[in-house]
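Only one structure is covered here, and it is reproduced in the block below.
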Amino acid sequence: MRKKVLVGALALALTSTVTSTIISEPMSQYIMMSTYAQEVDYEGRERGQAIIDNINFRDVSNDHWAKEAITRLGAIDIVKGDGRNYRPQGAVTNEEALAFVLRILGMEEAAQVASLELEDDFVDDEHILDLWSKGYLQVAMELGLITNDDFLDGLEPDQDNLPEDFFRRKSPATREQVAQWLVEGINAIEPNAIEPIYVQNHVRNYNDWQSIDNDKIPFVEAVIANNIMVGDNVSFRPKAHLTRAEMAMIIRNVDDVLYDVLNLENKHGTVERIEIEGQVSSQMEGNKKIYVRTQEGNVEVINYQQIRNNNNITYDAPVFYQGNIRGLNSLEQGDNIEYLVSSEDHTIMYVHKKGETDEEEVTGILEPLDQLEDGLITIQTSNGAKVTYFLSERLYINDTIRIDLDFINKDNAPVGQEVTLTTLNNLVTYVDYAEMSSPSEVRGTVNRIAPSFGYVVITDWNTGEDIEINYYRDHLDVQKQMHYDNVSEGYISGAFTFNPLSTTIEAIEPGDIVHIRLDDNGYATEISAATNYVVKYGRINNINFNSTNDYNFTIESEDGQMAYYEVNDSIVVRKGNANIFPYEIQSGDWVKLLVNQGVIEPGNMIESVKEISVDSYRNNVTKIFRGQLDNNGFNRSQRSISLLNSEELGLIGWDNYRENRSLDIKDRDLEVYYVGQRITLEEALYRYTGPNYNVYVAMEDLPGRDEVCRISIYDSRDSVLDHDYVVNTDGGQSFNLLNEDGSINTDQGTIIVRNGRLVETSNIMAPDYAQVVLSGASRAAVVNISQPPGNDMLTISRGRINGIDDNRSFEVSSQGMLNGMDWIFSPIERTYNMNYETVIIDEDGTHIPFNQFRGYDEDSQIDEVYTIISEGLNAKYVVKNPYSTEGVTGNIYEVNEDHLMINNVRVYDENNNTWEDLSYRSSYAQIDIEDNSIILKNNRVISVDELVRGDSIRVLTTENLIDQLREDDERDVPGYIILVE
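Under mature numbering (1 follows the signal peptide of the UniProt record, and there is no 0), the letters of the sequence shown match residues -20 to -1, 1 to 961, in that order.
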């Protein structure tokens, strides 16, 4: 099935870390080129048909909410039925819950061995011999899930007469107990996967959290935080019993941990073709090769096989689709599937068929193929959006790309011309030239325009040559799509509302994309033009006015880039929802510019500002809190409110819990919203208090105090998404994230913070790096936009000072540059520039003025070895600290003036170039901040107080932490170079 798309939606923003999506190639194209670059084969299971029959439980209807989870887990031998029934509403007993947990951990075989050993020990005890769960209880005891006394209680034949506080294997398992067993069991096998959380951020969202046993609260917190178990909107019900259907869903939510332990891989792809005994078809039965194109663009083959003999063996696997359970024979070309395969024996275990994938065609102008080697292609669609897709691996080889049936060098590709991309799940499977214009039409980019002389010069896309086209003004129809017309198509922000709708030749400007229809004499009769608008965001550094409509300014973008613009026309300037005069723009204002980029030729681009939108907000947002309003906590005289059960948003999510937090509110301009609708503070305090409402509060930084500037109230459970890249936005109503399915909606109440400043909804732009708090499934309560982590712009090196040119530069020899954890040494001399901004630090932390950094007298630095932090050849920091080759990584959970505390610690083994866990049970360490330590975050050197909880750091040190812990039982090492990553 093909769907024609003339204006493509943004598939993937061009970022440094991207995951491709599912791919399939049209059959006609496939037959022309049937050689795959890579194939991996998976076989159906020999007892596949028996598994399909066994897990097709009679008491689980096709529309049962847990049927997919039950089917999936049955296919991999985690859940088992009772004959042909599963008993989904049956209560899970303690022995069943422990058996489920041990199967998750891959310990069923160990339980079977333990069962046989117990039978040998209790050969005369008929009760023990008949007890199916004895082996599970034994392994659970050895793993520490139950005590020895619990184990002995579990072996007692008369379970009903055991005292109430004894372990009863047949008693229903409680939700809090299952949470504890899950976390303890997984942590014993995979310590980094999940661990108890001793700071209660999530359980307090439930009104019955205080009824959780104190010793189980950290485990309940962990399963909620990891989305393994959740409650309803109000309660967690810790003492409630679990049904077998609920247990299946809980195990389903363990996902990656489960798959890792069982050596399974979870894959996604599209059925690209099916071969039956050499014939391409999907209708016949028999031996089949099912070719699947994976998300990564590779090809994998699933083999379905029938051996027709006396045994009639079928190598098959369960396929789940819309509540039905069938076999591999039910798969069809174009199916979008998720599938589980065994890494050990390359068998296919389970397939979840998601349905047929639509094939799409997207037409646009081909951009330069600068990232072809990475498998990326970019086109500009008719609404001006630049869209980047992944290419099928069969469409490119190094610097050549296949267009139609030919491979051509990227330098000879039709850049600037229209091409048509065939995509399946946003992966390009075919590239072709767009349909050619008729001889009476030409297309290209306007080079120059001469209305007084009646001609226009364009660069013809077909020939690449400049051509002059004449016209008669009275016989010329001009249509131009302005940025107002693009608003509905989702590219230009809704904040830009001006609509000139010019229909004369004067509306055409250099850089416009034009289609021109010619008469028989070659004169233009119709011109259809479109602009190439981009949105730029930054801070006005300075602005100069020559007249009301004639001014110039420089703007500094968020990444530090400077740009200069001249405005000579009467353009619209807006602030909030109102137009303002240009002279109201001030230095320091944050603005969004609508800029028309006219690419005349490669390297020659004309930019003109078409509209300016001044950010309405002026102050920095320091904190965002979540909690509940207290209707008795409003102090009118002191202008303060109370926020109950409040937490602060940090890198790791909600943190810093307080039972009651008093917050000052603004005297004026306080904004209060309920689900996007503006309300008064009094209405909020009267109607929307209590645990059923999540209240989000943005605090504004004012001189000497912080005040509440916005309150947004929602009535759905929230979840904090991992930091991710924005790949598409419609300019104010919704946006998409790289690793999240579906659109995320915003409203007027959404708290949007951009690099520490409260901004409007239209200021979410691709490729922003954002932390999103969802209220419900798809509504954003908070969008916190920040700079992506990393220090790629800086170079870290060590070198011996060979010469110094006073106040200007210094030369090093025997230099080593840091690459990962390795110092790559080179004998090539290198000269670094320095100036008054260069910071030079001695080994005791003393700052040396750069004019005293010299190569003579008693303070000579010649032959000294320094660590150099540089941007290009410009030295930013020059620090004398030790040669550090040992390494530690972890996440900061405590920041102090002289040391950091980190968890999830891994230690570098420089002999094997590998990272090892510090400890399976207690993985924490202390990083000491020395006088000559250097800390880098987001491409700049920072002080220790700029680190925050949740920062992930890599530390270069001189001590091996594992050896230190083993030999001296100490967990602290000095951190000489600390990189936030």
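Where a beta carbon is used, it is the ideal one built from N, C-alpha and C, also for glycine.
It should be emphasised that the depicted structure is a prediction, and the values quoted were computed from it without experimental measurement.
Check whether ILE776 and ILE828 have beta carbons under 7 Å apart: Within the sequence shown, numbered from 1, the residue matching residue 776 stands at position 796. Within the sequence shown, numbered from 1, the residue matching residue 828 stands at position 848. For ILE776 and ILE828, no; Cβs fall outside 7 Å.
Residue environment, GLY722, which counts as buried when at least 16 other CB atoms sit within 10 Å: Counted from its first residue, the sequence shown places residue 722 at position 742. When all chains shown are included, GLY722 counts as exposed.
Cut-off 6 Å between Cβ atoms - residues of its own chain near ASP569, not counting five sequence neighbours on either side: Your numbering for residue 569 matches position 589 in the sequence shown. These residues qualify, in order along the chain: ILE520, VAL594.
Identity of the residue in ARG920, THR368, TYR503 nearest ASP454 by Cα: Position 474 of the sequence shown, counted from the first residue, corresponds to residue 454. For the residues ARG920, THR368, TYR503, the minimum Cα distance to ASP454 belongs to TYR503.
7 Å Cβ cutoff met for GLU176 and ALA202: Numbered from 1 along the sequence shown, position 196 holds the residue referred to as residue 176. Numbered from 1 along the sequence shown, position 222 holds the residue referred to as residue 202. It should be noted that the sequence gives Pro, not Glu, for residue 176. Contact: yes.
Alpha carbon of TYR531 to alpha carbon of GLY540, nearest angstrom: Within the sequence shown, numbered from 1, the residue matching residue 531 stands at position 551. Within the sequence shown, numbered from 1, the residue matching residue 540 stands at position 560. Each residue's Cα considered, the two are about 23 Å apart.
Beta-carbon spacing of ASP130, PHE102 below 7 Å: By 1-based counting over the sequence shown, the position of residue 130 is 150. By 1-based counting over the sequence shown, the position of residue 102 is 122. For ASP130 and PHE102, no; Cβs fall outside 7 Å.
Distance, GLN302 Cα to ASP235 Cα: Within the sequence shown, residue 235 is the residue found at index 255, counting from 1. Within the sequence shown, residue 302 is the residue found at index 322, counting from 1. Taking the straight line joining both Cα atoms gives about 21 Å.
Nearest residue (CA-CA) to LEU650, options ARG690, THR726, ILE621, ASN716: The residue labelled residue 650 in the question sits at position 670 within the sequence shown. Among ARG690, THR726, ILE621, ASN716, the Cα nearest to that of LEU650 belongs to ARG690.
Bounding residues of the beta strand (DSSP E) (the contiguous stretch that carries TYR435): Taking the first residue of the sequence shown as 1, we reach residue 435 at position 455. For TYR435, the enclosing beta strand (DSSP E) stretches over residues 435 to 440.
Cβ pair VAL675, GLY607 closer than 7 Å: Within the sequence shown, numbered from 1, the residue matching residue 675 stands at position 695. Within the sequence shown, numbered from 1, the residue matching residue 607 stands at position 627. Taking 7 Å as the Cβ cut-off, VAL675 and GLY607 qualify as a contacting pair.
Residues near VAL921 in its chain [Cβ-Cβ closer than 8 Å; skip 5 each side]: Within the sequence shown, residue 921 is the residue found at index 941, counting from 1. The residues are VAL819, ILE849, LYS856, TYR857, ILE914, ILE915.
Cβ neighbour criterion (16 or more within 10 Å) applied to GLU324: Taking the first residue of the sequence shown as position 1, residue 324 is located at position 344. Exposed is the label assigned to GLU324, since fewer than 16 other Cβ atoms lie within 10 Å of its Cβ.
Span of the beta strand (DSSP E), counted from its first residue to its last, around SER766: Translated into positions along the sequence shown, residue 766 becomes position 786. SER766 -> beta strand (DSSP E) spans 759 to 766.
Local conformation of ALA879 per DSSP, three classes: The residue labelled residue 879 in the question sits at position 899 within the sequence shown. First, the residue type needs correcting, since residue 879 is His and not Ala in the sequence shown. Here HIS879 sits in strand by DSSP.
Nearest neighbour of ALA168, chosen from ALA509, LEU82, SER794 [CA to CA]: For the purposes of this step, residue 168 is taken as residue 188 along the sequence shown, with counting starting at 1. Nearest option by C-alpha distance: LEU82.
Backbone secondary structure at HIS463 - three-state DSSP: Here residue 463 refers to the residue found at position 483 when the sequence shown is read from its first residue. At HIS463 the pLDDT is 47, less than 50, meaning the model places this residue with poor confidence and gives no usable figure here.
Three CB pairs or more closer than 8 Å across the stretch 634 to 644 and the stretch 609 to 622: Judged by Cβ distances under 8 Å, the stretch 634 to 644 makes contact with the stretch 609 to 622, as three or more pairs qualify.
THR127 versus MET121: straight-line alpha-carbon distance, rounded: Position 147 of the sequence shown, counting from 1, holds the residue named residue 127. Position 141 of the sequence shown, counting from 1, holds the residue named residue 121. Each residue's Cα considered, the two are about 6 Å apart.
Own chain partners of GLN566 with C-beta closer than 8 Å, once the 5 adjacent residues on each side are dropped: Within the sequence shown, the letter at position 586 stands for residue 566. ILE520, ILE523, listed in sequence order.
Through-space distance from ARG497 to SER432, alpha-carbon basis: Residue 432 sits at position 452 when you count from the first residue of the sequence shown. Residue 497 sits at position 517 when you count from the first residue of the sequence shown. Here the alpha carbon of SER432 sits roughly 20 Å from the alpha carbon of ARG497.
Sheet register partners of HIS182 (DSSP bridge): Here residue 182 is taken as the residue at index 202 of the sequence shown, counted from 1. DSSP, once it has assigned bridges, lists no residue as partnering HIS182.
DSSP-derived helix/strand/coil call for PRO954: Within the sequence shown, the letter at position 974 stands for residue 954. Three-state result, PRO954: strand.
For SER789, the residue or residues it bridges with in DSSP: To locate residue 789, count along the sequence shown from 1; it is residue 809. Per DSSP, ASP785, ASN813.
Helix, strand or coil at ARG638 [DSSP, three-state]: Indexing the sequence shown from 1 puts residue 638 at position 658. It is a strand residue.
Rounded distance between the beta-carbons of VAL515 and LEU574, thought under 8 Å: Working through the sequence shown from its first residue, we reach residue 574 at position 594. Working through the sequence shown from its first residue, we reach residue 515 at position 535. Cβ-Cβ separation between LEU574 and VAL515: approximately 6 Å, consistent with a contact (criterion under 8 Å).
Continuous beta strand (DSSP E) assignments of at least 3 residues falling wholly in the stretch 866 to 948: 866 to 875, 879 to 889, 894 to 897, 904 to 917, 920 to 922, 932 to 937, all fully within the stretch 866 to 948.
Under the three-state DSSP convention, the category residue 962 falls into: Since the first residue of the chain shown is -20 and the last is 961, residue 962 is not available in this structure.
Collapsed DSSP secondary structure at ALA220 in the structure displayed: Residue 220 sits at position 240 when you count from the first residue of the sequence shown. The answer is coil: DSSP assigns ALA220 none of H, G, I, E or B.
LEU142 (DSSP reduced to helix, strand or coil): Start at 1 with the first residue of the sequence shown, and residue 142 comes out as number 162. Coil at LEU142, not helix or strand.
Endpoints, the alpha helix (DSSP H) within which ASN526 is located: Indexing the sequence shown from 1 puts residue 526 at position 546. First-last for ASN526: 513 to 527, but that is the beta strand (DSSP E), not the alpha helix (DSSP H).
With 16 other Cβ atoms within 10 Å as the buried cut-off, status of PHE830: Position 850 of the sequence shown holds residue 830. That one is buried.
Where the beta strand (DSSP E) through VAL72 begins and ends: The residue you call residue 72 lines up with position 92 of the sequence shown. Run containing VAL72: none; DSSP gives neither H nor E here.
ARG458 classed as buried or exposed, judged by whether at least 16 other C-beta atoms fall within 10 angstroms: Here residue 458 is taken as the residue at index 478 of the sequence shown, counted from 1. As written in the sequence, residue 458 is Val, which differs from the Arg given in the question. VAL458 should be labelled buried.
Whole-Å CB distance - GLY779 paired with TYR846, under 8 Å assumed: Along the sequence shown, read from residue 1 onward, the residue named residue 779 stands at position 799. Along the sequence shown, read from residue 1 onward, the residue named residue 846 stands at position 866. Right, their Cβ atoms sit about 7 Å apart.
When VAL40, VAL342, ARG934, LEU53 are compared against GLY955, the one with the closest alpha-carbon: Residue mapping note: residue 955 aligns to position 975 of the sequence shown, counting from 1. Checking every option, the nearest Cα to that of GLY955 belongs to ARG934.
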